[in-house]
Amino acid sequence: MPKPTPFTPKPTIEKLPLAARKDVRDNFESKKSDYESTIAGLLGFPVTINIDVNAVWAYGEALAATQAGGTFSGYVDGFIDALSKYVGTYGDLGKEYFKNAVMKSEFTVTVNELGDRAETISADVKDGVFRILFKHDCLGYNASWFDIHHIVEAIEGTPHEGFGLRAKHSIEDEYKANIEDVSEQITKILNLPDLILDPNFEENYAALLKKTDQDWQRTFGSSTLEYFRCVDLHAANDIMISG
126 MPKPTPFTPK PTIEKLPLAA RKDVRDNFES KKSDYESTIA GLLGFPVTIN IDVNAVWAYG
186 EALAATQAGG TFSGYVDGFI DALSKYVGTY GDLGKEYFKN AVMKSEFTVT VNELGDRAET
246 ISADVKDGVF RILFKHDCLG YNASWFDIHH IVEAIEGTPH EGFGLRAKHS IEDEYKANIE
306 DVSEQITKIL NLPDLILDPN FEENYAALLK KTDQDWQRTF GSSTLEYFRC VDLHAANDIM
366 ISG
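For the sequence shown, this note's numbering gives the first residue as 126, with consecutive numbering after it.
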């Protein structure tokens with residue numbers, strides 16, 4: 126089977142047409158300060174919007190010049206909507222992971238180097254910059270489809286120490302918030318007040334990372350909690366039966 130032809134980016138437009146420049150100025154650049162203020166308000170630290178408009182608009186041949194500014198604003202609006210959901214879900218932990226991954230505190234929009242194999246819209250973090258990626262023949266398509274999962278996947282796809290964001294959030298929000306009550310029930314039923322429950326998070330996490338499907342991270346903490354709840358239930362049943 127022949128290898129797919131490598132994607133070759135289009136040359137950057139040296140100078141945008143006058144109508145496109147005006148639309149970018151009126152409907153995108155005029156909003157950048159407000160956009161950056163909104164992003165900083167959500168994350169608690171500044172993120173600079175740095176989009177190479179001339180490079181991106183090279184892929185806008187199917188769009189009218191009067192759509193230029195709205196195209197860029199559409200991507201930023203989508204990002205802000207998704208970021209609001211992200212912060213609402215993951216809170217300070219999500220902010221911490223975002224800051225650690227997006228080390229340059231910079232946001233951009235650029236073409237996806239996968240070419241024809243690219244999704245219409247996706248995201249990653251490259252060299253400390255958060256990037257919304259568009260398919261080369263789909264500039265402006267589905268910008269409103271950008272959602273929280275794009276941000277999470279981009280953040281978790283960045284090299285990091287320890288647990289991924291979803292796993293860490295599940296541990297903190299679902300396991301740690303409930304394990305004390307479960308532990309109390311188990312030690313009471315078994316009459317073992319010094320019993321220590323060891324979730325073995327690090328070893329289990331390392332083993333599960335070998336799986337192709339990483340959706341388990343979303344429920345890593347709650348699934349571990351359920352194992353201990355099963356111990357609680359079985360211990361109670363055994364005592365009832367033997368009694």
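The beta-carbon is built from N, C-alpha and C at its ideal position, and this holds for glycine as well.
Check	Outcome
Using CA coordinates, which residue listed in V227, P131 and T137 is at the minimum distance from I280?	V227
Alpha carbon to alpha carbon, how far is T283 from D241?	24 Å
Taking the runs of the alpha helix (DSSP H) that are 4 residues or longer, which of them lie wholly in the stretch 245-301?	273-281 and 290-295
How is I304 classed by DSSP in three states: helix, strand or coil?	helix
Tell me I174's beta-bridge partners as DSSP assigns them.	F232
Can you tell me where the alpha helix (DSSP H) holding L167 begins and where it ends?	K157 to L168
Is it buried or exposed, I321, if we count other Cβ atoms within 10 angstroms and call 16 or more buried?	exposed
If I follow the unbroken alpha helix (DSSP H) through T214, where does it start and stop?	A193 to A226
Measuring CB to CB, does F326 end up less than 8 Å from I304?	no
If I follow the unbroken alpha helix (DSSP H) through N152, where does it start and stop?	L143 to N152
Under three-state DSSP, which class holds Q339?	coil
Using only CA atoms, which one of F345, D323, F223 and K313 lies nearest to L167?	F223
Might you give, ordered along the chain, the residues of its own chain that have their beta carbon closer than 6 Å to the beta carbon of T196, omitting 5 neighbours on each side?	G265
Does the Cβ-Cβ distance between Y200 and V250 come in under 8 Å?	no
So, using beta-carbon positions, are A248 and F259 closer together than 8 Å?	no
If Y330 sits next to F288, beta carbons under 8 Å apart, how far is it from one beta carbon to the other, in whole angstroms?	6 Å
Looking only at its chain, what residues have a beta carbon closer than 6 Å to the beta carbon of C263, apart from the 5 residues adjacent to it on each side?	T245
Determine the DSSP secondary structure at E309, reduced to helix, strand or coil.	helix
What did DSSP end up calling T137 once you bin it into helix, strand or coil?	coil
Could you give the distance in angstroms between the alpha-carbon of A183 and the alpha-carbon of T214?	36 Å
Return the chain-ordered list of same chain residues with a C-beta closer than 8 Å to the C-beta of R291, the five sequence neighbours on each side being excluded.	V277, E281, Q342, R343 and F345
In the DSSP assignment, find the unbroken alpha helix (DSSP H) run with Y184 in it and report its ends.	Careful: Y184 lies outside any alpha helix (DSSP H) and carries neither H nor E.
So, are the CB atoms of D148 and A193 less than 8 Å apart?	yes
Tell me whether T344 sits in a helix, a strand or coil according to DSSP, three-state version.	helix
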